[in-house]
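Read through the structure below, which is laid out as structure tokens, and then see the notes.
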Amino acid sequence: MMLPIGVSVISQFRNSDRFARNLMLGIAYAASIGGMATLIGTPPNIILAGVIKESLKIDLSFSSWMVFATPFSLLLLLICWWYLSRGLEKKKDESFTFNPEPLERISVAEKRVLVVFCFVAFLWITRTFIWNQFIPELDDTIIAMFGGLLLFIIPAPNNEKLLDWKTARKLPWDVLLLFGGGLAIAKGFSKTDLTSWLAGHFAQIHLAPVII
């Protein structure tokens, strides 16, 4: 999502290969740094939350994850900024030429999507200490599905919906199926006692060197 925006920004600058390089690196680093900041930042976070809930019966909420991970993310963000900004020191023979183009205003449909996103994020953050008091069964998955349904229901100015199935089919379903399949296999291992069987065999080598 950010790559086309970065390319567009780079196109506004001339004679600045260093700026282009650092901006592309910044996008790559930001994917990892931002991915750890929230529970939905990257799929492994959600998988961890599911495993903890299944095996330890602990509900890892959106807000509790942020309390733990967001400070680390901010620290890494500062380190990344310092690292990349050092590479942006202008050489004597390097000149910056900025040719800005007028940006389009945010559309009505985009504003409505933004409202839905903020509403869902608000429910995620406040679920454990506000909404679970009234709806104990409410979890982050239900909130996410509710937000997705809202996009299929709320109309756009062109008499269509904010989201249609033609667009939804472009989502990375292969990645979702990959992670979901992994969870299903792990569940199968647990239900058939295959994990206990494997663990019992690995217990036989507890006297072997650690590297083995």
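Residues are numbered in the numbering used here as their position in the sequence shown, beginning at 1, plus a constant of 274. The C-beta atom is built at its ideal place from N, Cα and C for all residues, glycine as well. Note that this is a predicted model, so its numbers are computed, not measured.
Practice problem: Give the straight-line distance between the Cα atoms of Lys366 and Ile326, rounded to the nearest whole angstrom. | Solution: Note that Lys366 has pLDDT 48, beneath the 50 cutoff, so the model's placement of it is unreliable and no number is given.
Exercise. Note down the Cα distance separating Ile380 from Gly421, rounded to an integer number of angstroms.
Key: If you take the alpha carbons of Ile380 and Gly421, they lie about 21 Å apart.
Self-check item: Endpoints, the alpha helix (DSSP H) within which Asp333 is located
Solution: Asp333 -> no alpha helix (DSSP H), and no H or E assigned at all.
Quiz item: How would you label Thr415, buried or exposed, when you count the other beta carbons within 10 angstroms and need 16 or more for buried?
Solution: So Thr415 ends up on the exposed side.
Self-check item: Cα-Cα separation between Leu412 and Arg360, rounded to whole angstroms
Solution: Distance between the alpha carbons of Leu412 and Arg360 is about 46 Å.
Practice problem: Would you please state the rounded distance, in angstroms, between the beta carbons of Met310 and Ser347? I believe it to be under 8 Å. | Solution: About 5 Å; that satisfies the 8 Å criterion.
Exercise. Under 7 Å Cβ to Cβ from Leu487, same chain only, skipping five residues before and after it: list those, please.
Key: For residue 487 there is no data in the structure shown, the boundaries of the chain being 275 and 486.
Quiz item: Can you list, in chain order, the residues of its chain whose CB lies under 7 Å from that of Gly454, leaving out five sequence neighbours each side?
Solution: So no residue of the chain qualifies.
Quiz item: Quick one, which of Gly324, Pro317, Leu322 has its alpha-carbon nearest Leu452's?
Solution: Checking every option, the nearest Cα to that of Leu452 belongs to Pro317.
Quiz item: With contact counted as at least three CB pairs below 8 Å, one residue from each stretch, are the region 424-438 and the region 387-401 in contact?
Solution: The answer is yes - the region 387-401 touches the region 424-438, with three or more Cβ pairs under 8 Å.
Quiz item: Is it right to say Ala323 is buried, meaning 16 or more other beta carbons lie within 10 angstroms of its own, or is it exposed?
Solution: The residue is buried, with at least 16 neighbouring Cβ atoms inside 10 Å.
Exercise. Within its chain, find whatever has a CB closer than 8 Å to the CB of Ala458; leave out the 5 residues flanking it on each side and keep chain order.
Key: Residues of the same chain with a CB within less than 8 Å of the CB of Ala458, apart from the 5 flanking positions on each side, do not exist.
Practice problem: With DSSP as the reference, label Phe346 as helix, strand or coil. | Solution: Residue state for Phe346 is assigned as helix, using DSSP reduced to three classes.
Quiz item: When you compare each of Phe342, Leu436, Leu397 to Lys385 by their alpha carbons, which one comes out closest?
Solution: Cα-wise, what sits closest to Lys385 is Leu436.
Quiz item: Is the CB-CB distance between Phe336 and Ile321 below 9 Å?
Solution: Not closer than 9 Å, so no.
Self-check item: Start and end residues, alpha helix (DSSP H) containing Pro278
Solution: For Pro278, the enclosing alpha helix (DSSP H) starts and ends at 276-285.
Quiz prompt | Nearest residue (CA-CA) to Ser329, options Ala482, Gln478, Thr469 | solution = That would be Thr469, whose Cα lies nearest to the Cα of Ser329.
Practice problem: Output yes or no for whether 9 Å exceeds the beta carbon distance between Met276 and Thr312. | Solution: No Cβ-Cβ contact shorter than 9 Å links Met276 with Thr312.
Exercise. Answer yes or no: do Leu352 and Ala304 have a C-beta to C-beta separation smaller than 9 Å?
Key: Not a contact, by the Cβ cut-off of 9 Å.
Quiz prompt | C-beta atoms of Ile307 and Gly280 nearer than 9 Å | solution = No, they are not a contact pair.
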